[in-house]
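Residue numbers (the numbering used here), protein chains in the order written: chain G, 6 to 235; chain F, 4 to 119. First the structure, in the form of structure tokens, and then the observations on it.
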Amino acid sequence: MIDALRAPCYALGMTMAGFSTIAREAGLDFWMALVTSLGVWGMPGQVAFASLYAVGASLVIIFIAVSLANMRMLLMVVSAADMMHLGAHQLPLWKRVFWMHFLAITAWAHVGMAEQKYPSHLLLAYYQGFALTIFTFGIGGTILGYFLSDFLTPDLLRFVIFITPIYIMLMIINARQKANRLAVVIGGCLSPVFFPFAGEWAILLAGVVGGSLASLYSRYIAEWHLEMEA
Amino acid sequence: MIDSVLADQGDVLYAWLAVGCAIAGTAVWRFAGVVLASRIPADSPLMGWINTMAYAMVSGVLMLILAHPTGVLATTEIEHRFFGLLVGLVVVFFTKRLIVSLLFGVASFAVAVTFF
């Protein structure tokens, strides 16, 4: 809650303002940009959507591209639900779906950080406060960005938009478990390598290959090291 | 006249359907995640694997944003973006302080873009 009111909410608001600028360039009207932010709430998918809309891509292509860009939601929701012990809160399905709608990279990474500070039964409340705060700022950013894009100089805007990817990168590289840190390094190195021939699939490939390598390393090789030392 | 009005309505319909596709394309994963989460035991190797894949995938998305950005970020040089990231990583490695390293990373990016 207070964590959210520090850097992330402003950075995310500006990132969403950046999306609004792209959406406006692509020819979406204000309501369409707003509903996209409200309904998708996942930056890479939103950018993929706006860029494809701009070139008049077919609906099927848009659906597939956005699905690919936002496929990580599946893993993030499972991982966040695990960290927050969502099952123990006995929420009905619709409530779980409702709360997970607000889960995106920033909130997920913050729950991972908060896991190191707070007991797990408090994490759901932490997440709810955090996610709603940045969601509000993100939607505010979408609204402002659509109308203020004429007044913001692109020179300044690009520094602000740079904040979110760097911020999240620094946060996940500090993950508590070694295997997850290793996964960040491998996944981050692989996706630009895969991109030229795999396009949007590069993210999925980097995730599966990077995550599997990191898991295998920590399970077999790292344990083997421990046994040698012991 | 009527044709152009119909064409406009078609465009608006296409746009809203496209928004709907984008929303559906994201919602399916969140929904699947909620359903799956209740079936996978915590602290199992499978959960560990899902976690590493989530981290690797998020890192992959971020690196693609930095390597192949869209919008105004695309007006900057790739060397400058990675310089900013590198400075941030080095500072966080030594200080372990998130906000400080974020400031260093973004500031060095701004300096690189402005002066080089």
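Each residue gets a CB set at the ideal place from its N, CA and C atoms; glycine is no exception.
- Only buried fits ASP87(G), as 16 or more other CB atoms lie within 10 angstroms of its CB.
- PHE119(F) and GLY18(G) have their C-alpha atoms roughly 28 Å apart.
- For ILE173(G), at least one C-beta of chain F is nearer than 7 Å to its own C-beta.
- Closest in alpha carbon position to CYS194(G), among GLY32(G), GLN121(G), PRO13(G) and LEU218(G), is LEU218(G).
- In this structure, the straight-line span from the alpha carbon of VAL31(F) to that of LEU65(F) is close to 22 Å.
- Take PRO48(F), set aside five residues on each side of it, and no residue of its chain has a beta-carbon closer than 6 Å to its own.
- The beta carbons of LEU108(G) and VAL82(G) sit closer together than 7 Å.
- Here ILE208(G) carries a helix assignment [DSSP, helix/strand/coil].
- Taking PHE35(G) as the centre and dropping the five residues before and after it, the same chain places the C-beta of TYR151 closer than 6 Å to its C-beta, in chain order.
- By a beta-carbon distance limit of 8 Å, LEU67(F) does not contact ALA130(G). Their separation comes to about 33 Å.
- Counting the other Cβ atoms within 10 Å of the Cβ of TRP46(G) gives 16 or more, which makes it buried.
- With the rule of 3 Cβ pairs closer than 8 Å, the region 64–82 of chain G counts as touching the region 104–121 of chain G.
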